[in-house]
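What follows is one structure encoded as structure tokens, with my remarks underneath.
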Amino acid sequence: MLLKIEKIEVCYGIIPAVRNLSLEVEEGQIVALVGANGAGKSTTLKALAGVLHPRVGKIFYNDKDITQLSAYRRVPIGIALVPEGRQLFSTLSVKENLRLGAYHSNDKEFKERLKEIYSIFPIIEERKNQIAGTLSGGEQQMLAFGRAIISKPKLLLLDEPSLGLAPLIIKEVYKVIDKIRLTGITIVLVEQNIKMAMRIANYMYVLEAGELTIQGEPLKLMKDENIKKAYLG
Amino acid sequence: MQGASYIYQQIFNGIVLGSIYALLALGMALIYGILGLINFAHGALITIGAFCFYFLLFKLHLPFVLVIILTISLGGFVGFLLEAIGYRKLRGGPGPSLLITSLGIYIFIENAIKLLISPQPYAFFNPPFLNRVINSFITFRVIDIFIIIATIVIMICFALFVKRNKIGMAMRGIAESVETAGLVGINVNQVIAWSFVVASAIAALTGFMWGAKYGQISYDMGFMPGVIAFVAVVIGGIGSIPGAVLGGFLIGLIQIFTVGFLPLGWSVYRDAIVFTLLIIVLLIKPTGILGRKESI
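Which chain is which? The protein sequence lines are L and R, in order. The first sequence begins at 1 in the numbering used here and counts up by one. The second sequence begins at 234 in the numbering used here and counts up by one.
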């Protein structure tokens with residue numbers, strides 16, 4: 001088991017946003033966390049990335065307890081987040097963004113990885129000297145992927161990768177996610193667009209008001225009456 | 234009434250003084266960009282640098298180049314301590330607590346020097362080669378040239394550092410977002426410590442420049458240059474390092490011109506004129522000359 005969450009409670013200040021949540025992620029899978037706004041999906045992902053730390057419960061990565069490990073220490077052991085809204089360094093160039101994504105590697109390793117990233121995202125190479133803030137939304141999302149993948153993660157956390165993008169671009173983004181899966185990277189995907197998530201995920205967890213309600217393979221969930229009513233219309 | 238060479242002389246003098254302000258403002262802008270902190274303790278590094286240089290050169294008689302290296306190192310080390318002891322725990326708290334701490338640190342260092350070393354000013358004798366006067370079209374000393382060249386070298390190195398080096402790049406990243414910087418794997422504490430080391434090391438060197446230029450050092454010598462460097466940061470555009478450097482040169486020139494071109498009695502107002510300029514710039518362009526637009 002690559003990732004195991006055991007009964008975590010995560011709070012903003014004193015208000016718990018996630019309660020008693022347990023989940024497991026197997027290597028090579030795409031696991032989706034879905035649910036409405038405020039269900040606690042992003043909070044869970046932030047706990048995995050180390051931005052927030054659970055007050056109760058434990059997170060195991062490769063059987064190691066990482067519950068209290070700082071965010072910046074999780075990147076070298078193979079956990080990378082593509083944050084909601086992309087959060088690029090908008091005044092830095094595309095290449096500089098990638099350099100910071102590979103912060104824990106030296107210049108030589110960076111050059112090698114840069115080639116790999118350029119081969120996955122040709123558009124990034126075309127724009128390498130441009131200031132990140134001037135890229136289009138889709139290009140920014142690609143750069144956000146590139147900046148995360150350049151750190152050679154085993155586990156990639158995607159927070160609402162389709163947010164604020166045009167439908168055509170969303171399709172592109174999901175093609176890229178598929179491409180990333182083929183390189184062997186395990187993915188935890190947070191998504192409000194449940195239909196999109198169902199198409200790509202191996203396993204899904206549905207969250208509601210900070211708690212886990214239903215889980216299972218997408219094909220099974222699709223047949224679930226409650227899910228149909230609540231999310232698929 | 235005055236010849237062309239007199240005007241050039243004043244411009245030259247202004248550039249020398251402006252160089253010192255620009256170096257100080259660069260460090261202040263760097264720290265402001267990263268922490269949003271107006272680091273008043275920056276001025277104390279000038280005093281520390283000046284006294285360090287004085288004791289190593291005139292009391293211990295170490296060679297000049299070694300003394301410069303040791304002064305810069307001590308400045309960097311003090312900067313590291315300031316951040317680790319003074320600021321790190323306060324980060325993320327309310328902004329004023331950092332500001333007040335920096336003022337407190339300044340007052341502490343100033344009084345420590347007053348108590349431990351002397352409340353009296355010390356005469357700062359340069360090594361003879363720095364005092365050599367060169368008379369050509371304009372008149373200057375070797376120290377003036379040293380200040381200008383050192384400033385140019387430091388600025389070029391700094392520009393390369395933030396453009397090419399990953400720690401320098403990380404400084405720019407942190408200035409944008411501390412949280413994102415942590416997420417991509419940057420050790421934020423370490424990079425912030427480095428910015429204090431860099432800014433403080435440069436400030437310590439300006440302490441030597443100030444002493445060598447004006448021939449006197451005292452426990453409170455860092456206060457005014459520190460405040461003026463802050464004004465340079467604001468005039469140039471808060472958050473912009475090139476702006477801060479520009480502001481530093483501008484203030485240097487204006488102060489020298491006040492003394493050089495206005496009637497004799499006006500020279501006492503040279504600091505007042507700087508603050509008047511500050512008010513005017515803030516009225517016309519509140520973001521400063523090169524500042525980005527910020528919504529208020």
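Beta carbons are placed, not taken as given, at the ideal position from N, Cα and C, and that holds for glycine. Owing to the predicted nature of the structure, the values given are computational and were not obtained by experimental measurement.
Is the Cβ of residue 322(R) closer than 8 Å to any Cβ of chain L?
No - not a single Cβ of chain L is within 8 Å of the one on residue 322(R).
Assuming residue 266(R) contacts residue 472(R) (C-beta within less than 8 Å), just tell me the rounded distance between them.
Correct: roughly 6 Å between the Cβ atoms.
I want to verify the contact list: residues of chain R whose CB lies under 8 Å from the CB of residue 76(L), in sequence order.
Going along chain R in sequence order, the residues near residue 76(L) (Cβ under 8 Å) are 418.
Between residue 439(R) and residue 248(R), how many whole angstroms is the CB-CB distance? I'm expecting something under 8 Å.
Actually they do not touch by this definition, with Cβ atoms about 15 Å apart.
Let me make sure I understand the geometry here. Which of 432(R), 370(R) and 240(R) has the alpha-carbon closest to that of residue 309(R)?
Comparing Cα positions, the closest option is 432(R).
Hey, could you find the ends of the beta strand (DSSP E) residue 57(L) is sitting in?
Start and end: 56 to 61.
In chain A, which residues lie less than 9 Å from residue 83(L) when you measure between Cβ atoms?
Absent here is chain A; the protein component of the structure consists of chains L and R.
Give the DSSP bridge partners of residue 482(R), in chain order.
Its beta-bridge partners do not exist; DSSP assigns none.
Just mark residue 183(L) as buried or exposed, buried being the case when its beta carbon has 16 or more other beta carbons within 10 Å.
The residue is exposed, with fewer than 16 neighbouring Cβ atoms inside 10 Å.
If you follow the beta strand (DSSP E) that residue 368(R) is in, where does it begin and where does it stop?
Unbroken beta strand (DSSP E) run through residue 368(R): 366 to 368.
Counting only the same chain and skipping the five closest in sequence on each side, list residues whose C-beta sits under 8 Å from that of residue 196(L).
The residues are 162, 170 and 174.
Using 10 angstroms around the beta-carbon of residue 499(R), count the other beta-carbons present and answer buried if the total reaches 16, otherwise exposed.
Counting Cβ neighbours within 10 Å, residue 499(R) comes out exposed, since fewer than 16 surround it.
Name the one or two DSSP bridge partners that residue 32(L) has.
Bridge partners of residue 32(L): 189(L) and 204(L).
Considering only heavy atoms of the ligand ADP, does any lie closer than 7 Å to the CB of residue 126(L)?
Annotation note on the ligand ADP: not contained in the displayed structure, which lists no ligands.
Give, in chain order, every residue of the region 386 to 408 of chain R whose Cβ lies closer than 8 Å to some Cβ of chain L.
Flagged, chain order: 399, 402, 403, 405 and 406.
Assuming residue 45(L) contacts residue 206(L) (C-beta within less than 8 Å), just tell me the rounded distance between them.
So it is not a contact: roughly 15 Å between Cβ atoms.
Using a Cβ-Cβ cutoff of less than 7 Å, which residues in the same chain neighbour residue 346(R) once the five nearest sequence positions on both sides are dropped?
Answer for residue 346(R): 280, 284 and 452, listed in chain order.
Between residue 9(L) and chain R, is any beta-carbon pair separated by less than 8 Å?
By this cut-off, residue 9(L) is not an interface position.
Would you decide whether residue 228(R) is buried or exposed? Buried here means 16 or more other CB atoms lie within 10 Å of its CB.
Because chain R in this structure spans residues 234 to 529, residue 228(R) falls outside the shown range and cannot be described.
Going by alpha carbons, who is nearest to residue 449(R) out of 274(R), 263(R) and 286(R)?
Of the listed residues, the one whose Cα sits closest to residue 449(R) is 286(R).
Quick test of your reading: residue 86(L) and residue 141(L), contact by CB under 8 Å. State the CB separation rounded to the nearest angstrom.
Indeed they touch by this definition, with Cβ atoms about 6 Å apart.
Kindly indicate the opening and closing residues of the beta strand (DSSP E) around residue 214(L).
It spans 211 to 216 - the beta strand (DSSP E) in which residue 214(L) sits, taken as one unbroken run.
Nearest chain L C-beta to residue 478(R) closer than 8 Å, yes or no?
Residue 478(R) does not count as touching chain L.
Whose Cβ in chain R lies nearer than 7 Å to the Cβ of residue 71(L)?
Under the 7 Å cutoff, chain R gives 415 and 416.
So, with DSSP's three-state summary, where would you put residue 491(R)?
Of the three classes helix, strand and coil, the one that applies to residue 491(R) here is helix, per DSSP.
Indicate the three-state DSSP secondary structure (helix, strand or coil) for residue 528(R) in the structure shown.
Because the pLDDT at residue 528(R) is just 42, under 50, the model does not fix this residue reliably, and the point stays unresolved.
At 8 Å on the CB atoms, spell out the chain R contacts of residue 51(L), in chain order.
Within chain R, the residues near residue 51(L) are 412, 415 and 416.
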